[in-house]
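Everything below concerns the one structure shown next.
In my numbering, the protein residues as written are 36 to 395.
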């Protein structure tokens, strides 16, 4: 008799598993292309604002692609990534998009068109014709109804609207999240991409601040301006001693010269501090959100696996119990049945042998 330990967990269908692998591979190509073109635009422009915008653009878009591609449900990740590509093409054709990246916007638009064609081809190769048609119509409709209005590329949960579009209940749409091994692999992939993106985001923020400050440390810039002010004030004191009659006119001129400089320095410092604080808050919120999602996924997966394992163990124990009972019964039969049968046949043989003797 063969005894096997089996779980009731339902693994992902082959199409779903292939979808997960294909979409995550595409996300890697997507990020590489966006980073390459953004850096090309930044390096090819002399406009500081365009340089800063190109960094903001790749920060927002790469982060968004990570959210869309690394979802628990493979088909949802495909649809959301598909929508992101269509939204990207659409926003780059608007006046807002063209101004944001400047004259080299066409480089990014050409890349976006290539990426949209690639994800569409991936969807067509993975899905059956009827399923592809349904998802394609949803993607087109959703991208048109939700145009990108900021280059943070905010995302929304697509489970409910997609289920409605397909005519199924939310609970019926997700049939399984995969076997235990598949779920653990998924969590590992998501932790890896989160670590990679955090490193990238911090590096790009440093790059942005370096460009904004003109490769000069803020403290050095402030000290230079303070030294300049000190020299001006010393000259002013000497001149005032030699020509007191010019004191009023010179002080007025100096005030007119110095006050805008002081206001500019103070405003620039405050602006940079506020921006740094804002970026820190945004990064912290992103990390908190990511941590909450990962903890929730791990908790859900753990509870699911514990429940299934307990059920499987209970089933195994029942099977083993029946085997033990059957073995005990068999053992009893062997211990008592064989001697009884042996005695019975031995007595019968003796009885047959004694019968002729009596007759004689």
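Even for Gly, the Cβ is constructed at its ideal location relative to N, Cα and C.
- In the DSSP annotation of this structure, residue 209 is not part of any alpha helix (DSSP H), being labelled neither H nor E.
- Pairing residue 142 with residue 120 gives a Cβ-Cβ distance that is not under 9 Å.
- When rounded, the separation of the alpha-carbon atoms in residue 123 and residue 213 is 31 Å.
- Residue environment analysis places residue 128 among the exposed positions, since fewer than 16 neighbouring C-beta atoms fall within 10 angstroms of its C-beta.
- The C-beta separation of residue 55 from residue 112 comes to about 7 Å, placing the pair in contact by the 8 Å criterion.
- With fewer than 16 other CB atoms across the displayed protein chains lying within 10 angstroms of its CB, residue 78 is exposed.
- Excluding its 5 nearest sequence neighbours in each direction, residue 155 has no C-beta neighbour in its own chain below 6 Å.
- Take residue 96, set aside five residues on each side of it, and the residues of its chain with a beta-carbon closer than 6 Å to its own are 69, 188, in chain order.
- Beyond the five residues adjoining it in sequence on each side, residue 66 comes within less than 7 Å, by CB distance, of 97, 100 in the same chain, given in chain order.
- Closest in alpha carbon position to residue 148, among 161, 118, 191, is 118.
- Annotated three-state conformation of residue 248 is coil, per DSSP.
- Residue 132 is classed as buried because its beta carbon has at least 16 other beta carbons within 10 Å across all chains shown.
- Counting of Cβ neighbours within 10 angstroms places residue 203 among the exposed residues, the total staying below 16.
- For residue 101, the enclosing alpha helix (DSSP H) begins and ends at 83 to 104.
- The beta carbon of residue 190 sits closer than 7 Å to the beta carbons of 99, 102, 103, 115 from its chain, once the five residues preceding and following it are set aside; these are given in chain order.
- The beta-carbon separation of residue 173 and residue 200, rounded to 5 Å, stays under the 8 Å limit for a contact.
- By the Cβ neighbour-count rule, residue 145 is exposed, with fewer than 16 other Cβ atoms within 10 Å of its own.
- By the beta-carbon neighbour count (other beta carbons within 10 angstroms, threshold 16), residue 138 is exposed.
- Looking only at 72, 135, 227, 58, the smallest Cα-Cα distance to residue 82 is reached by 135.
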